[in-house]
Amino acid sequence: REEVGGQAVTTVVDGKAYDLSTKYIPILTTHDEGPHPAFKKLLEEYKEELIITQPPVTWYFKSEEFSNIPPCLAGFERKKIILDMIKGFEVADVFNQYPGIHEVLDKGLTKKGETFYEWGVRKELEALTTLGAYLSDMFGAGPALEHSAAQALSYRQHYIVPYLWKIIRAALDKAEGLDALKLQFLKTFKTHPKLKEYLDKPDGEIPGGQFALKNGYQPLLQKIIETDKTEVRLSCPVTSLEWGEAKVEAGGMKKQIKKKISWLVTTTAAKSEGQGEEEKKSNLKEEEEEAEAKNGGDDDAAAATEDTTTTTTEAFDCVIVCGLGKFDFLPPKHPAKELLSMLKVNPGLETWLVELDSWDEEKFGKTNSIVFGERTTNFGTRKGLPYDSRPYALSKDYPDSNIVGCIAYPDDKLNQEEKEKLMREELKLEFGVSVKRVIGFRRFHWPVHVPPEAEKKDFFDKLHKLQGQRQLYFVGEAFSSAGVQACIDW
Numbered sequence: 438r439e440e441v442g443g444q445a446v447t448t449v450v451d452g453k454a455y456d457l458s459t460k461y462i463p464i465l466t467t468h469d470e471g472p473h474p475a476f477k478k479l480l481e482e483y484k485e486e487l488i489i490t491q492p493p494v495t496w497y498f499k500s501e502e503f504s505n506i507p508p509c510l511a512g513f514e515r516k517k518i519i520l521d522m523i524k525g526f527e528v529a530d531v532f533n534q535y536p537g538i539h540e541v542l543d544k545g546l547t548k549k550g551e552t553f554y555e556w557g558v559r560k561e562l563e564a565l566t567t568l569g570a571y572l573s574d575m576f577g578a579g580p581a582l583e584h585s586a587a588q589a590l591s592y593r594q595h596y597i598v599p600y601l602w603k604i605i606r607a608a609l610d611k612a613e614g615l616d617a618l619k620l621q622f623l624k625t626f627k628t629h630p631k632l633k634e635y636l637d638k639p640d641g642e643i644p645g646g647q648f649a650l651k652n653g654y655q656p657l658l659q660k661i662i663e664t665d666k667t668e669v670r671l672s673c674p675v676t677s678l679e680w681g682e683a684k685v686e687a688g689g690m691k692k693q694i695k696k697k698i699s700w701l702v703t704t705t706a707a708k709s710e711g712q713g714e715e716e717k718k719s720n721l722k723e724e725e726e727e728a729e730a731k732n733g734g735d736d737d738a739a740a741a742t743e744d745t746t747t748t749t750t751e752a753f754d755c756v757i758v759c760g761l762g763k764f765d766f767l768p769p770k771h772p773a774k775e776l777l778s779m780l781k782v783n784p785g786l787e788t789w790l791v792e793l794d795s796w797d798e799e800k801f802g803k804t805n806s807i808v809f810g811e812r813t814t815n816f817g818t819r820k821g822l823p824y825d826s827r828p829y830a831l832s833k834d835y836p837d838s839n840i841v842g843c844i845a846y847p848d849d850k851l852n853q854e855e856k857e858k859l860m861r862e863e864l865k866l867e868f869g870v871s872v873k874r875v876i877g878f879r880r881f882h883w884p885v886h887v888p889p890e891a892e893k894k895d896f897f898d899k900l901h902k903l904q905g906q907r908q909l910y911f912v913g914e915a916f917s918s919a920g921v922q923a924c925i926d927w
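In this note's numbering, the protein residues as written are 438 to 927.
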């Protein structure tokens, strides 16, 4: 999007920050407690404060009960769940050591082109992959089982640990004759004494939940830009890249100076700064219609309303490419163009920020992150996701506010009014509440990823060989896997 933060959106209401996309940071992971070390260092450097939020729970409105175990695991035997989750800690620890999909493939942790579902069957860890896919689907990145195993396992492996912990504890507490499994669990954690120690703690003392940034993600990115004095230009599409050589005058004589690095980057920007492309088109169309109405369709009047742009060519030491686009700006026949054309983007998600007329604290808690059980029975499976614009999860972040955020898989055949009607209906059905006002809405096309068929064609090996050539780099979650941790590590 044409604003600082891109997919990170923070809305501030009455001094409280609400993130509508990137939001949560796990408290307990394979590296112990707290944010991932690389991200923690970033937060400390820019003096950003974290707050603890409630761990997600599943709510079944028909039976009016909560559950810590996702519905996708209902079909597995208890012993299978425990064994898979114990193994899951080891899997998460291994993948935590190799940031980036290329490293995962290079180490042979997954096969090229192998889907997440196929990996689970091959490793006999179907319950684990079901949980991993459930988390990806829940965060709007589904259908995860059909994605590359390398991408899926690199994506939310740092989120999976608290869920593994809760599920194992719940299963061990209810099961009989599983002392051997408890011993195996302890053995698994001989290199993680802190985590091993948690096994014998009361449930209330086990680290759970997740962190969120007190001021939101978007302000963090803005602070980084301001602190580092980074120049940011929005609505300036890059139209061409050209590798060149610098010419300078020395001692009155023209002399050719060959620089190792010199990219000439040509950008275009519309005169009306701050507008997105759709807004520009809409405004331009209105101006044209007004001019045509006044002048009877006169050609000169139409010409007067043409959108004008400015073109700028500048030299840069390096060029960094991230995200998804047509990449028409790359030099003709550049080998990266064919590779980048293989990228796929999911249908994405849409998020709402609304104020409710009431909230039952006794039933739902003063704050909570709630997944709707009846809406998410297909999450973590191959049965298809609910692309119907009805919310499937909700978060209430502040005890003294009835403002909540909710998330849905979109149905783009519906207009905004129809989507809002469905959102209101679902919240009324799940919680018996009415929406007092709509504060914000966002539609995200996300995540960009490399599909399994592209992996089979050696996408990452080819791209890795292009990294840094003539100071051209490819970064971002499309190449390193989605998630803040993976991108920072990469």
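Heads up, the beta-carbon is just placed ideally off N, CA and C, and yes, glycines get one too.
What you are looking at is a predicted structure, and each value in this text was computed from that prediction instead of being measured.
Environment of GLU979 [buried if 16+ CB atoms lie within 10 Å]: Look at the range of the chain in this structure, 438 to 927, and you will see that residue 979 is not part of it.
Let me check understanding here. Comparing Cα to Cα, which of PRO836, SER838, ASP825 lies closest to ASN852? Translated into the one-based positions of the sequence shown, residue 852 becomes position 415. Checked all of PRO836, SER838, ASP825; the closest Cα to ASN852 is ASP825.
With 16 other CB atoms within 10 Å as the buried threshold, where does ASP499 fall? Start at 1 with the first residue of the sequence shown, and residue 499 comes out as number 62. Just to set this straight, residue 499 is Lys in the shown sequence, not Asp. With fewer than 16 Cβ atoms within 10 Å of its Cβ, LYS499 is classed as exposed.
Less than 8 Å between the beta carbons of VAL756 and VAL808, yes or no? One-based indexing of the sequence shown puts residue 756 at position 319. One-based indexing of the sequence shown puts residue 808 at position 371. Their beta carbons are not under 8 Å apart, which means VAL756 does not touch VAL808 by this criterion.
With a Cβ-Cβ cutoff of 8 Å, do ILE876 and THR448 count as a contact? Taking the first residue of the sequence shown as 1, we reach residue 876 at position 439. Taking the first residue of the sequence shown as 1, we reach residue 448 at position 11. Taking 8 Å as the Cβ cut-off, ILE876 and THR448 qualify as a contacting pair.
What residue range does the beta strand (DSSP E) around GLU485 cover? Counting from 1 along the sequence shown, the entry for residue 485 is found at position 48. Run containing GLU485: none; DSSP gives neither H nor E here.
From the DSSP output, in three-state form, read off PRO889 for me. Along the sequence shown, one-based indexing puts residue 889 at 452. Of the three classes helix, strand and coil, the one that applies to PRO889 here is helix, per DSSP.
Taking the straight line between their C-alpha atoms, what separation do you get for GLY913 and GLU799? Sequence index remark: in the sequence shown, residue 913 carries index 476 (1-based). Sequence index remark: in the sequence shown, residue 799 carries index 362 (1-based). Distance from the CA of GLY913 to the CA of GLU799, rounded to the nearest whole angstrom, comes to 42 Å.
Quick check on this structure: which residue in LEU671, GLY557, TRP700, LYS770 has the alpha carbon closest to the alpha carbon of GLU751? Numbered from 1 along the sequence shown, position 314 holds the residue referred to as residue 751. Of the listed residues, the one whose Cα sits closest to GLU751 is TRP700.
Taking only three categories from DSSP, how would you classify THR567? Locating residue 567 in the sequence shown gives position 130, where the first residue counts as 1. When secondary structure is reduced to three states using DSSP, THR567 falls in the helix class.
Whose C-alpha, out of GLN659, LEU601, GLU551, is nearest the C-alpha of TYR571? Here residue 571 refers to the residue found at position 134 when the sequence shown is read from its first residue. Per the Cα distances, LEU601.
Between which two residues does the alpha helix (DSSP H) carrying SER437 extend? The displayed coordinates of the chain run from 438 to 927. Any statement about residue 437 would go beyond what the structure contains.
What's the gap between the Cα of ASN720 and the Cα of ALA706? For the purposes of this step, residue 720 is identified with residue 283 of the sequence shown, where counting begins at 1. For the purposes of this step, residue 706 is identified with residue 269 of the sequence shown, where counting begins at 1. Unreliable placement is indicated for ASN720, whose pLDDT of 39 sits below 50; no coordinate value is reported for it.
Let me know if GLU787 comes out buried or exposed under the rule of 16 or more other beta-carbons within 10 Å of its beta-carbon. Within the sequence shown, numbered from 1, the residue matching residue 787 stands at position 350. Buried, by the Cβ-count rule.
Local Cβ density within 10 Å of LYS666, reported as buried at 16 or more and exposed below that: The sequence position of residue 666 within the sequence shown is 229, counting from 1. Its Cβ having fewer than 16 others within 10 Å, LYS666 is exposed.
Span of the beta strand (DSSP E), counted from its first residue to its last, around PRO463: As a working mapping, residue 463 is identified with position 26 in the sequence shown. Following the DSSP letters along the chain, one finds PRO463 inside the beta strand (DSSP E) bounded by residues 461-463.
Since PHE911 sits in a beta bridge, which residues does DSSP pair it with? Counted from its first residue, the sequence shown places residue 911 at position 474. VAL758, per the DSSP bridge assignment.
In angstroms with no decimal places, state the Cα-to-Cα distance between PHE911 and PRO836. Taking the first residue of the sequence shown as position 1, residue 911 is located at position 474. Taking the first residue of the sequence shown as position 1, residue 836 is located at position 399. Here the alpha carbons of PRO836 and PHE911 stand approximately 42 Å from one another.
Please state if the CB of THR490 and the CB of THR804 are separated by a distance shorter than 8 Å. Your numbering for residue 804 matches position 367 in the sequence shown. Your numbering for residue 490 matches position 53 in the sequence shown. Taking a C-beta distance under 8 Å as the contact criterion, THR804 and THR490 qualify as a contact pair.
Counted within 10 angstroms of its Cβ, other Cβ atoms place GLY817 as buried (16 or more) or exposed: Taking the sequence shown and counting its residues from 1, one reaches residue 817 at position 380. Buried is the call here.
Hey, out of ALA581, ASP848, THR567, ALA830, whose CA is closest to GLY512's CA? Counting from 1 along the sequence shown, the entry for residue 512 is found at position 75. If we check each option's Cα against that of GLY512, THR567 comes out closest.
Whole angstroms is fine: what's the gap from SER832's alpha carbon to PHE878's? Counted from its first residue, the sequence shown places residue 832 at position 395. Counted from its first residue, the sequence shown places residue 878 at position 441. Taken atom to atom, the span from the alpha-carbon of SER832 to that of PHE878 is near 15 Å.
Which residues mark the beginning and the end of the alpha helix (DSSP H) in which THR664 is found? Here residue 664 refers to the residue found at position 227 of the sequence shown. Note, THR664: alpha helix (DSSP H), 654-664.
Quick check on the burial criterion: 16 or more other C-beta atoms within 10 angstroms. Buried or exposed for GLN906? Within the sequence shown, the letter at position 469 stands for residue 906. Classification of GLN906: exposed, given that the 10 Å Cβ count is below 16.
Please list, in chain order, all residues of the same chain as PRO580 whose beta carbon is under 6 Å from its beta carbon, the five residues on each side excluded. The count along the sequence shown starts at 1 and reaches residue 580 at position 143. Shown here for PRO580: same chain residues with a beta carbon closer than 6 Å to its own, the five before and five after excluded, namely LEU822 in chain order.
For a test of the three-state rule: what should DSSP assign to ASP797, helix, strand or coil? Counting from 1 along the sequence shown, the entry for residue 797 is found at position 360. Here ASP797 sits in coil by DSSP.
Hey, out of VAL791, HIS539, ALA587, VAL494, whose CA is closest to GLN904's CA? In the sequence shown, residue 904 corresponds to position 467, counting from 1. Selected option, being the one with the closest Cα: HIS539.
Which class does GLU440 belong to by DSSP, given the choice of helix, strand or coil? Translated into the one-based positions of the sequence shown, residue 440 becomes position 3. In this structure, GLU440 counts as coil in the three-state DSSP scheme.
Which value, in whole angstroms, describes the spacing of the CA atoms of LEU565 and GLY653? One-based indexing of the sequence shown puts residue 565 at position 128. One-based indexing of the sequence shown puts residue 653 at position 216. Taking the straight line joining both Cα atoms gives about 31 Å.
Determine the contact status of ILE662 and VAL441, defining contact as a CB-CB distance below 8 Å. Within the sequence shown, residue 662 is the residue found at index 225, counting from 1. Within the sequence shown, residue 441 is the residue found at index 4, counting from 1. In contact: ILE662 and VAL441 (Cβ atoms closer than 8 Å).
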